[in-house]
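Asker:
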Amino acid sequence: MSAVLLHPLTLGTTVLEGNILCAPLAGFTDVPYRELAVEAGADLCFTEMVSCEALIRENLKTRKLLIRGRNETNYGIQVFTSSPESAAAAMEYIIPFTPTVIDLNCGCPVPKVIKTGAGAALMKDPVQIGEIVRAMKKTTSLPVSVKLRTGWDHQNYTFIEAALRAQDAGASMISLHGRTRSQGYGGKADWEQIARLKETVEIPVTGNGDIFCAEDARRMLLQTGCDAVMIARGGLGNPFLFREIRSLLSGLEVLSPPTPRERIETALGHLERCVEVKGEALAVKEMKKQLCSYTKGINGSAAFRNQLVHCESLGEYRGYFSEFLSSLQE
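Quick look at the structure:
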């Protein structure tokens, strides 16, 4: 049965080889991370959230978020806004990058996004979600997808109406994180609602929430009938998860987890890619949280992490990595 779980996914005129997606995560899914995810087996990765308003203001830092990774044959750009007019205007800056799909974020629970009426605040206004998608589709022929939460809170499940309005406006895919905005990232993702959505809409549905191992991905596909799985927090410091999911969904053997040495060597390679893309000064700051994720659970790693968070140069990082790799037991 597992052999049929990995299958092509159609987004507009593009057919992806498989149905394993990497979710957009602010501060994490930059070019170096996405390149690692693609190498490991992700079929499509999304950029960090991009502000439509910042694009219109021609903010250089925001424009850099649109850059495609070297191995990204396909990739998605995720935007956030509360305004159909801003969404339409932002397409002028996005279209030249020719993404496979443009995703509208309707799930971010962060207060600074919510207070603008964007992100998960849109779950309180499904009509506006439809209007934003419609405005985007009038401006571009590229596929548009929407990432939803189940609602603002458990008393207000609005995802069905939001998905239907997005579909009617021309969306090519709906991704659903099985939590409300009030849950944040706590509690348990409600996969039953993903199944409900799949039964309701005609376009592909991607399930998101609580996929931390390959078996979780398999169970989500079987239990909900969704068309694709989207990996978020489970992939942080763990790009190996994509290859493990790909193997299992292909009906192949369950892969052994990476060795501590492989995890540490991959972490160092990740840092070096980040330096290439962003420059040393920025990379050594931004990578601290990523590197800490790579080391969790490895014997003796607590002291190593304490060293990493105080590093201020690539050379300093390399020195500590070399020492820690030498200490690992094969």
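Throughout, the working numbering is defined as the position within the sequence shown, counted from one, plus 1427.
Note that the Cβ used here is the ideal one computed from N, Cα and C, for glycine as well.
Report the start-end ranges of each alpha helix (DSSP H) in the segment 1685-1736 that is 4 residues or longer and not cut off at the edges.
Answerer: 1687-1705, 1707-1713, 1715-1722, 1728-1735, all fully within the segment 1685-1736.
Asker: Where DSSP assigns a beta bridge to Tyr1584, which residues make up the other side?
Answerer: Answer by DSSP bridge pairing, in chain order: Gly1578.
Asker: Taking buried to mean at least 16 other C-beta atoms within 10 Å of its own C-beta, is Met1428 buried or exposed?
Answerer: Because the pLDDT at Met1428 is just 38, under 50, the model does not fix this residue reliably, and the value given afterwards should be weighed accordingly. Met1428 is exposed by the Cβ-count criterion.
Asker: Decide yes or no for the touch test of the segment 1551-1568 against the segment 1486-1499: beta carbon pairs closer than 8 angstroms, at least 3 of them.
Answerer: The segment 1551-1568 is not in contact with the segment 1486-1499.
Asker: Spatial neighbours of Asp1400 within its chain, please: C-beta separation below 8 angstroms, excluding the five flanking residues on both sides.
Answerer: What the structure shows of the chain is the stretch from 1428 to 1757, and residue 1400 is not part of that stretch, so it cannot be assessed.
Asker: Using only the alpha-carbon positions, how far apart do Ala1430 and Ser1677 sit?
Answerer: Confidence at Ala1430 is low in this model, with a pLDDT of 47, below 50, so its placement is unreliable and no value can be given for it.
Asker: Taking the alpha carbon of Glu1750 as the point to measure from, which residue in Glu1707, Gly1706, Arg1688, Val1704 has its own alpha carbon closest?
Answerer: Of Glu1707, Gly1706, Arg1688, Val1704, the residue nearest in Cα terms is Arg1688.
Asker: Could you check the C-alpha separation between Ala1469 and Ile1447 for me, to the nearest Å?
Answerer: Computed Cα separation, rounded: 5 angstroms.
Asker: What's the gap between the Cα of Ile1621 and the Cα of Leu1698?
Answerer: For Ile1621 and Leu1698, the distance between alpha carbons rounds to 36 angstroms.
Asker: I need the DSSP call for Gly1634, collapsed to helix, strand or coil.
Answerer: Three-state result, Gly1634: strand.
Asker: What would DSSP say about Gln1505, mapped onto helix, strand or coil?
Answerer: Reduced to three states, the DSSP call for Gln1505 is strand.
Asker: Whose C-beta lies closer than 6 angstroms to the C-beta of Pro1536 among residues of the same chain, with five residues either side of it excluded?
Answerer: Around Pro1536: Ala1547, Arg1608, Gly1611.
Asker: Is it buried or exposed for Leu1438, if we count other Cβ within 10 angstroms and need 16 for buried?
Answerer: Counting Cβ neighbours within 10 Å, Leu1438 comes out buried, since at least 16 surround it.
Asker: CB Ile1630 to CB Ser1599, shorter than 8 angstroms?
Answerer: Cβ atoms of Ile1630 and Ser1599: closer than 8 angstroms.
Asker: Should Gly1634 and Met1647 be called a contact, given that it needs their Cβ atoms to be closer than 8 angstroms?
Answerer: Contact: yes.
Asker: Pick out whichever of Glu1588, Glu1444, Pro1459 has its Cα sitting closest to the Cα of Leu1491.
Answerer: In the sequence as displayed, the identity of residue 1491 is Lys instead of Leu. Among Glu1588, Glu1444, Pro1459, the Cα nearest to that of Lys1491 belongs to Pro1459.
Asker: For Ser1720, which residues from the same chain have a beta carbon less than 8 angstroms from its beta carbon, with the 5 sequence-adjacent residues on both sides left out?
Answerer: Leu1663, Gly1664, Asn1665.
Asker: Do you know whose CA, among Thr1440, Gly1445, Thr1441, Lys1716, lies nearest Leu1675's CA?
Answerer: Of the listed residues, the one whose Cα sits closest to Leu1675 is Gly1445.
Asker: Within a Cβ cutoff of 8 angstroms, which residues of the same chain sit near Pro1435, ignoring the five residues on either side of it in sequence?
Answerer: The residues are Val1442, Leu1443, Glu1444, Gly1445, Asn1446.
Asker: Who does Leu1436 pair with in a DSSP beta bridge?
Answerer: Leu1443, per the DSSP bridge assignment.
Asker: Mark Thr1456 as exposed unless 16 or more other C-beta atoms lie within 10 angstroms of its C-beta, in which case mark it buried.
Answerer: With 16 or more Cβ atoms within 10 Å of its Cβ, Thr1456 is classed as buried.
Asker: For Cys1701, tell me which candidate among Glu1692, Arg1690, Glu1713, Ile1691 has the shortest Cα-Cα distance.
Answerer: Nearest option by C-alpha distance: Glu1713.
Asker: Between which two residues does the beta strand (DSSP E) holding Val1528 run?
Answerer: Residues 1528-1533.
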